[in-house]
Amino acid sequence: MLERIKSQLDLFSSAERKVAERVLAQPNEFIQAAVADIAESAGVSQPTVIRFCRSLGCSGLPDFKLKLAGSLVGGVPYVHSSVGPDDPTSELAAKVFDNTVSALLKCRNDLNSVAIDEAIALLAHARRIEFYGLGNSGIIAADAQHKFFRFDIPTVAYADNHIQTMAASLLGPNDVLVAISNSGRTIELLDAVEIALAGGCKVVAITSSNSPLSKLATVTLPADTQEDSETYSPMISRIVHLVLIDVLAVGVALKRGPNLYTTLEKTKRSLKNRRRSLEA
Numbered sequence: 001m002l003e004r005i006k007s008q009l010d011l012f013s014s015a016e017r018k019v020a021e022r023v024l025a026q027p028n029e030f031i032q033a034a035v036a037d038i039a040e041s042a043g044v045s046q047p048t049v050i051r052f053c054r055s056l057g058c059s060g061l062p063d064f065k066l067k068l069a070g071s072l073v074g075g076v077p078y079v080h081s082s083v084g085p086d087d088p089t090s091e092l093a094a095k096v097f098d099n100t101v102s103a104l105l106k107c108r109n110d111l112n113s114v115a116i117d118e119a120i121a122l123l124a125h126a127r128r129i130e131f132y133g134l135g136n137s138g139i140i141a142a143d144a145q146h147k148f149f150r151f152d153i154p155t156v157a158y159a160d161n162h163i164q165t166m167a168a169s170l171l172g173p174n175d176v177l178v179a180i181s182n183s184g185r186t187i188e189l190l191d192a193v194e195i196a197l198a199g200g201c202k203v204v205a206i207t208s209s210n211s212p213l214s215k216l217a218t219v220t221l222p223a224d225t226q227e228d229s230e231t232y233s234p235m236i237s238r239i240v241h242l243v244l245i246d247v248l249a250v251g252v253a254l255k256r257g258p259n260l261y262t263t264l265e266k267t268k269r270s271l272k273n274r275r276r277s278l279e280a
């Protein structure tokens, strides 16, 4: 509900916008307040408060409060958790955690189980898996490769666009390319994806909804977060991407069955003598 209000701010009348800003600033207090108190604090009339609720598809203030309360239970509000320059360290840390938790909950609630199943099936039966990402997404690609090579599947991660283009030309119908991009608009990555698709390779995209990459991919796992990635280096989206990779890794492990456990145990044993004992 808070995200919905924020996205519609410019559509409200000037008076209704005052009510909207009051909700965004103090959602929990809004739920407890009477209509007269809300009107007074927002500097509007009581009928304006009711019109605001109805503009959001609610029958009235009680209905709006009920829906608002339900949305607050489901996650941490993002819109009033932005960090300010005067925030003490304790509040800064809390807001960063809150924003990340909120984004993860939103991604979880928006997950398309059919798309997840399709992506897991493609990866579980792939002859070869390649992970492509540029910039911050290259780090996610490396993490994915670190997880998937343990499944005894030939796996690589490339973060260089020239290598991505060349490697994509060698992929075929039995291979899977996982393309990771927050914006989904990076030209070099899109070029590599198109080359891979032309060779019959299947493409799983972890990116934002309705991006050029999402429209190209065989299967898209949307990762929509509220952060200004045009100005700042993506932080929240990075965590969401990592969790989606974890979901795929666990799904592939289960899909490949008990025989995989022997392989995983073998990789664990290889590190047994690489850790110092607690008594040392």
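Heads up: the sequence shown is residues 1 to 280, going by the UniProt record's numbering. For each residue, glycine too, the CB sits at the ideal point set by N, CA and C.
If you keep only unbroken alpha helix (DSSP H) runs of at least 4 residues inside the segment 61-142, you get 61-74, 89-110, 113-124. For Leu248, the three-state secondary structure derived from DSSP is helix. Per DSSP, Leu190 has no beta-bridge partner at all. Thr207 is bridged by DSSP to Pro222. Ala15 and Thr48 do touch by the CB rule: their CB atoms are close to 5 Å apart, below 8 Å. The shortest C-alpha to C-alpha distance from Leu213 to any of Val193, Ala141, Gly199 is the one to Val193.
When Cβ pairs closer than 8 Å are counted between the two stretches, the segment 94-108 is seen not to touch the segment 196-204, the count staying below three. By the criterion of at least three beta-carbon pairs nearer than 8 Å, the segment 35-50 is not in contact with the segment 1-9. Pairwise C-beta distances place the segment 179-186 in contact with the segment 131-147, as three or more of them are shorter than 8 Å. Contact between the segment 213-223 and the segment 249-259 is absent, with fewer than three C-beta pairs closer than 8 Å. Taken through DSSP and simplified to helix, strand or coil, Ile153 comes out as coil. The criterion of a C-beta distance shorter than 7 Å is not satisfied by Phe12 and Val23. Taking the Cα positions, Asp143 is about 8 Å away from Leu242. Under the 10 Å beta carbon count, Pro173 is surrounded by fewer than 16 other beta carbons and is classified as exposed. For Ala167, the enclosing alpha helix (DSSP H) covers residues 161-168. In chain order, Arg17, Ala20 place their CB closer than 7 Å to the CB of Leu9, counting only its own chain and leaving out the 5 sequence neighbours on each side.
If you compare the alpha carbons of Asp87, Asn28, Ser45, Val240 with that of Phe64, the shortest gap goes to Asn28.
A Cβ-Cβ separation of about 6 Å places Phe148 in contact with Ile129 under the 8 Å criterion. Rounded to the nearest angstrom, the gap between the Cα atoms of Ser59 and Ile245 is 41 Å. Here the alpha carbons of Gln145 and Arg274 stand approximately 21 Å from one another. The alpha-carbon separation between Ile50 and Asp37 amounts to approximately 13 Å.
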